[in-house]
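Report on the following structure.
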Amino acid sequence: MASSPISRTTTMVFSLGIKGPQQHHPVRTVHLSPFAKKTSLNLSSTCSISGFTPVVLNRLSTVASPSQISNPQFLTIVCAKGYKMKTHKASAKRFRVSGSGKIMRRRAGKQHLLAKKNTKRKLRLSKMVPVDQSDYNNVIGALPYLKVNRKAN
15 MASSPISRTT
25 TMVFSLGIKG
35 PQQHHPVRTV
45 HLSPFAKKTS
55 LNLSSTCSIS
65 GFTPVVLNRL
75 STVASPSQIS
85 NPQFLTIVCA
95 KGYKMKTHKA
105 SAKRFRVSGS
115 GKIMRRRAGK
125 QHLLAKKNTK
135 RKLRLSKMVP
145 VDQSDYNNVI
155 GALPYLKVNR
165 KAN
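Residue numbers (the working numbering): 15 to 167.
Structure representation (structure tokens):
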């Protein structure tokens, strides 16, 4: 049959919910059924990661050839992690982030024998001091969701 490529295209287009081919125009309009938008971002779902779903939700697509229908283009997120990182709770009690983005800690030496230390020394030991830049990787590894400014002085 001479029109087999057109009928095959029509069958494939029908399975996607696209209107049949018109005789005079080679361009076909794609009408897809509406999807329910999710209110929250879920990185584990393929709908949120693929670039195809937001395009379908926002507008109708026009397809120029049957090869584009069979090979849809998807966006790939390379940096998304498949799991949620855990916060080390003991470290979370010891470190804080200042307003400028520095990681701060308390000074050591107030754990025991406080009767032997004078008030001035206890006050000095209770103040916050910045963490060295060389220790930032270790602290951020234990506390992955800190809002840290690595370039803060």
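Built from N, CA and C at the ideal position, the CB exists for glycine as well.
Any non-hydrogen atom of the ligand FAD within 8 Å of residue i CB
i: G115; result: The ligand FAD is absent from the structure shown, which contains no ligand whatsoever.
Proximity to residue i [Cα-Cα], best of the options
i: R120; options: K100, D149 and R138; result: R138
i: N163; options: M142, K116, T133 and A156; result: K116
i: D149; options: M99, F109, K98 and K100; result: F109
i: V153; options: G96, K107, K98 and Y97; result: K107
Collapsed DSSP secondary structure at residue i in the structure displayed
i: R120; result: strand
i: V143; result: strand
i: D162; result: Reading off the sequence, residue 162 comes out as Val, not Asp. Of the three classes helix, strand and coil, the one that applies to V162 here is coil, per DSSP.
i: V153; result: helix
i: L137; result: helix
i: L127; result: coil
Those residues which DSSP pairs with residue i across a bridge
i: R110; result: M118
Task: Cβ contact check for the region 125-132 and the region 144-158: 3 or more pairs under 8 Å - done: Counting C-beta pairs with one atom in each stretch, the region 125-132 and the region 144-158 have fewer than three that are closer than 8 Å, which means they do not touch.
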